[in-house]
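Student: The structure's right below; bear with me while I get my questions together.
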RNA sequence: GGGGGAGUGGCCUAGUGGUUUAGGGCGCUGGCCUGUCACGCCGGAAGUCGCGGGUUCAAAUCCCGUCUCUCCCGCCA
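Numbering (the numbering used here), first residue to last: 6 to 601.
Laid out in structure tokens, this is it:
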């Protein structure tokens, strides 16, 4: 590499990005700067695909036309950083690369500047190979050069920009909240930050700006949003990072539907400025209870129909032990229709059965409607007539397959919900280009925590119960519904929010409900309740996962593909090595000792 | 904390009925080539198969352990 004497820019100015030149630019003198994506050396003629974040342009070095530039071009290798001066020309020979946006032109290079050479790379940039994730993370700056990653990062920018534009237009203020906050007892594990000037005391990194944004409502700032980094010290997944980004929103003098309307507008705005998919004006709404009953999930994927139906009464007594037991013991028999699978082979049915086994169903049965006939292992118990009645009642038409299972009502729905998705996946029914939004509303207020033997807030303890259920808060807390709502997209939880509590006595009741003593409630959330005493407006809000939203828009299955510098499954940044051991001196400064 | 998958020159991989000079592509390198666009052609260097141990006449291949990456369950108000 020592034979190269990289040239300084020396006042040279770029005139265009590489991906923007078109036929109408022919004849222009241009200066392009970027990376050598590929070079094709034909002997007396060298082609270089010059790449920057915008795309690529073919640069031509012709020995007969410009010997000096040609000689220099012979030195070029992958990922050299160069600047070229030249003239845009229509392609002398039509490009065979139809996907290249600049395919109609090329640059006849008059002068080549080698700004920086490049050593042989630890991964290839210019092909479709996907290296091991560890290697991609270690050399993330190289990974990010790939057109796919540039696209994803640019898309993320567009989404964020469109979010800001939208909320600005709706009168929201973007307000930053602290990163160094107080640790809270509820929820995920906090990342802790020791304080040098407060020996023995710690900040926590926020799991969400929840309390601060509520305080902003008490302040009268009325409408707040923030693209906020949040931190949770929990185990990772493909769609979970220790730090992630939320679009955090709060509105004063607002009820549930005000928030839903506002977010529907946001989603339309974001989609219009990115993927241009057609979305319904209003998103479908479904109660939590319905979602679980009909889809076996609180985040149903509505890209496939296959609604779970209760057929207990239609089946009745059959003499078949498994099904009769369901009726005798007050359990339920449920089923859903798979269109066009009446002719599924035995092998295929066995595969579906395995989905049932994986979902821990004791048994999964099929009723298949073929031409004029009904086929089922249940036929000897049901009889053909009743089987046909069940088919008609469930909408199982000729050529369809009815999938049947029995058990406790909620668990059998949940299990069938899993089978439903497995079958849909197996049959390739989930179109990644289709966007099915759904609001799930009326979540339960509490759920029972077996380990700690107490109630815990299903959403969070600042969520308001539905006014109609308030009188059951103490007598039947598990029946109380909350004014909480989720936005679900294709079976993925995209946003979660609620109408908040804004009155001190209600906040006390809920905190007591989750097992906090008055002292603990006062210690942890006293400032909140104090604030509620000084004229807190009714308010409601929501938070959307920016990483997930962007990943879905980009068609990526992992949020790591839309985060510039993500961490691996152990929470390690393989590029910088974080987290790292610190010196004893640093430990002493923050008054800490190891106990490993 | 638990379960599954993977680890072969710098990169992507073939090869696990046990014995191969461990094969190919990209990249690197020497040479030829004036219209390529995943350019082509001829030649070359580079791997002992994540690491450690075991079984065997013989291990990339089988067994045990371990490390790393990854997916899932738990967990994620």
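Beta carbons are placed, not taken as given, at the ideal position from N, Cα and C, and that holds for glycine.
Predicted model, so just to flag it, every value in this text is computed and none were measured.
Could you check what DSSP says for residue 510 in three-state terms: helix, strand or coil?
Tutor: In the first chain, counting from the first residue as 1, residue 510 sits at position 505. Residue 510 falls in the helix class under three-state DSSP.
Student: I think residue 207 touches residue 216, with their Cβ atoms under 8 Å apart; what is that distance to the nearest whole Å?
Tutor: By one-based count along the first chain, residue 207 stands at place 202. By one-based count along the first chain, residue 216 stands at place 211. Going by Cβ atoms, the distance from residue 207 to residue 216 rounds to 17 Å, so no, they are not a contact pair.
Student: Taking buried to mean at least 16 other C-beta atoms within 10 Å of its own C-beta, is residue 399 buried or exposed?
Tutor: Locating residue 399 in the first chain gives position 394, counting from the first residue. The residue is buried, with at least 16 neighbouring Cβ atoms inside 10 Å.
Student: Is the stretch 429-442 in contact with the stretch 462-477, if contact means three or more CB pairs nearer than 8 Å?
Tutor: Contact between the stretch 429-442 and the stretch 462-477 is absent, because fewer than three Cβ pairs lie under 8 Å.
Student: Identify whether residue 228 lies in helix, strand or coil by the three-state DSSP scheme.
Tutor: Walking along the first chain from the start, residue 228 turns up at place 223. The answer is strand: DSSP assigns residue 228 an E or B state.
Student: Helix, strand or coil for residue 582? Go by DSSP, reduced to three states.
Tutor: In the first chain, the residue the question calls residue 582 occupies position 577. Note: residue 582 maps to coil in three-state DSSP.
Student: Looking at the unbroken beta strand (DSSP E) that takes in residue 501, where does it start and where does it end?
Tutor: Here the question's residue 501 lines up with position 496 in the first chain. Run containing residue 501: 497-504, per the beta strand (DSSP E) assignment.
Student: Could you tell me the distance, in whole angstroms, from the CA atom of residue 267 to the CA atom of residue 53?
Tutor: Locating residue 267 in the first chain gives position 262, where the first residue counts as 1. Locating residue 53 in the first chain gives position 48, where the first residue counts as 1. Approximately 49 Å, taken between the alpha carbons.
Student: Which term fits residue 162, buried or exposed, when burial requires 16 or more other beta carbons within 10 angstroms of its beta carbon?
Tutor: The residue you call residue 162 lines up with position 157 of the first chain. Label assigned to residue 162: exposed.
Student: Less than 9 Å between the beta carbons of residue 489 and residue 448, yes or no?
Tutor: Along the first chain, one-based indexing puts residue 489 at 484. Along the first chain, one-based indexing puts residue 448 at 443. Going by C-beta atoms, residue 489 is nearer than 9 Å to residue 448.
Student: Considering just the uninterrupted stretch of the beta strand (DSSP E) at residue 116, what are its terminal residues?
Tutor: What you label residue 116 is simply residue 111 of the first chain in a count that begins at 1. Where residue 116 is concerned, the enclosing beta strand (DSSP E) stretches over 110-121.
Student: Can you name, in chain order, every residue of its own chain whose Cβ lies under 8 Å from the Cβ of residue 7, other than the five neighbours on each side?
Tutor: As a working mapping, residue 7 is identified with position 2 in the first chain. In this prediction, residue 7 has a pLDDT of 41, which is less than 50 and means its spatial position is unreliable; what the coordinates show is noted afterwards. Nothing meets the Cβ criterion.
Student: Is the beta carbon of residue 587 within less than 8 Å of some heavy atom of the ligand ZN?
Tutor: The model depicted lacks the ligand ZN and carries no ligand whatsoever.
Student: In the DSSP assignment, what residue or residues form a beta bridge with residue 351?
Tutor: As a first step, residue 351 is located in the first chain; it is residue number 346 there, counting from the start. Looking at the DSSP assignment, residue 351 forms no beta bridge with any residue, so it has no partner.
Student: For a test of the three-state rule: what should DSSP assign to residue 238, helix, strand or coil?
Tutor: Here residue 238 refers to the residue found at position 233 when the first chain is read from its first residue. It is coil, neither helix nor strand.
Student: Since residue 567 sits in a beta bridge, which residues does DSSP pair it with?
Tutor: Taking the first chain and counting its residues from 1, one reaches residue 567 at position 562. Per DSSP, none; premise fails for residue 567.
Student: Give me the Cα-Cα distance between residue 354 and residue 370, rounded to the nearest whole angstrom.
Tutor: As a working note, residue 354 is residue 349 in the first chain. As a working note, residue 370 is residue 365 in the first chain. Near 9 Å, if we compare the C-alpha coordinates of residue 370 and residue 354.
Student: Note down the Cα distance separating residue 154 from residue 148, rounded to an integer number of angstroms.
Tutor: Counted from its first residue, the first chain places residue 154 at position 149. Counted from its first residue, the first chain places residue 148 at position 143. Between residue 154 and residue 148, the C-alpha separation is close to 7 Å.
Student: Just to confirm the assignment: which complete alpha helix (DSSP H) runs, minimum length 4, are found wholly within the stretch 383-422?
Tutor: Runs of the alpha helix (DSSP H) inside the stretch 383-422: 384-387 and 389-399.
Student: Is DSSP giving residue 465 helix, strand or coil here?
Tutor: Counting from 1 along the first chain, the entry for residue 465 is found at position 460. Note: residue 465 maps to coil in three-state DSSP.
Student: For residue 274, which option in 211, 295 and 175 has the closest C-alpha, if you only look at C-alpha atoms?
Tutor: As a position in the first chain, residue 274 is number 269, starting the count at 1. Ranking 211, 295 and 175 by Cα distance to residue 274 puts 175 first.
Student: Cα separation between residue 259 and residue 56?
Tutor: For the purposes of this step, residue 259 is taken as residue 254 along the first chain, with counting starting at 1. For the purposes of this step, residue 56 is taken as residue 51 along the first chain, with counting starting at 1. Between residue 259 and residue 56, the C-alpha separation is close to 49 Å.
Student: Kindly confirm or deny that the stretch 211-230 and the stretch 281-291 touch, where touching means at least three C-beta pairs closer than 8 Å.
Tutor: With a cut-off of 8 Å, the stretch 281-291 and the stretch 211-230 do not count as touching, because too few Cβ pairs lie within range.
Student: Look at residue 338 and residue 410 and say whether their C-beta atoms are less than 9 Å apart.
Tutor: Taking the first residue of the first chain as position 1, residue 338 is located at position 333. Taking the first residue of the first chain as position 1, residue 410 is located at position 405. Yes; because the gap between Cβ atoms is below 9 Å, this pair is in contact.
Student: Go through its chain and collect everything with a Cβ distance to residue 541's Cβ below 6 Å, but skip five positions before and after it.
Tutor: Indexing the first chain from 1 puts residue 541 at position 536. The answer, listed in chain order, is 223 and 507.
Student: Curious, which full-length beta strand (DSSP E) runs of at least 3 residues does the stretch 269-339 contain?
Tutor: You should have 289-292.
Student: Please name the residue or residues paired with residue 490 in a DSSP beta bridge.
Tutor: Counting from one through the first chain, the residue named residue 490 turns up at place 485. In the DSSP output, where bridge partners are listed per residue, residue 490 has 446 and 502.
Student: For residue 152, report the span of its alpha helix (DSSP H) as first-last.
Tutor: Counting from one through the first chain, the residue named residue 152 turns up at place 147. Taken as a continuous stretch (DSSP letters only), the alpha helix (DSSP H) holding residue 152 covers 152-174.
Student: Smallest Cα separation from residue 299: which of 315, 288, 289 and 290?
Tutor: In the first chain, the residue the question calls residue 299 occupies position 294. Out of 315, 288, 289 and 290, 315 has the C-alpha closest to the C-alpha of residue 299.
Student: Between residue 579 and residue 142, how many whole angstroms is the CB-CB distance? I'm expecting something under 8 Å.
Tutor: Taking the first residue of the first chain as 1, we reach residue 579 at position 574. Taking the first residue of the first chain as 1, we reach residue 142 at position 137. So it is a contact: roughly 4 Å between Cβ atoms.
Student: Opposite residue 592 in the DSSP bridges: which residues?
Tutor: Working through the first chain from its first residue, we reach residue 592 at position 587. Paired residue(s): none; residue 592 is not in a bridge.
Student: Quick check on DSSP: helix, strand or coil for residue 178?
Tutor: Sequence index remark: in the first chain, residue 178 carries index 173 (1-based). In the structure shown, residue 178 sits in a strand (DSSP, three-state: E or B).
Student: Alpha carbon to alpha carbon, how far is residue 325 from residue 386? Give it in angstroms, no decimals.
Tutor: Position 381 of the first chain, counted from the first residue, corresponds to residue 386. Position 320 of the first chain, counted from the first residue, corresponds to residue 325. About 6 Å.
Student: Check for me: the alpha helix (DSSP H) holding residue 254 runs from which residue to which?
Tutor: Residue mapping note: residue 254 aligns to position 249 of the first chain, counting from 1. Element bounds for residue 254: not the alpha helix (DSSP H) but the beta strand (DSSP E), 248-257.
Student: Taking C-alpha atoms, which residue in 502, 295 and 139 lies nearest to residue 256?
Tutor: Counting from 1 along the first chain, the entry for residue 256 is found at position 251. Checking every option, the nearest Cα to that of residue 256 belongs to 502.
Student: Count the other CB atoms, across all protein chains shown, that sit within 10 Å of the CB of residue 218; report buried if there are 16 or more and exposed otherwise.
Tutor: Your numbering for residue 218 matches position 213 in the first chain. Flag for residue 218 reads buried.
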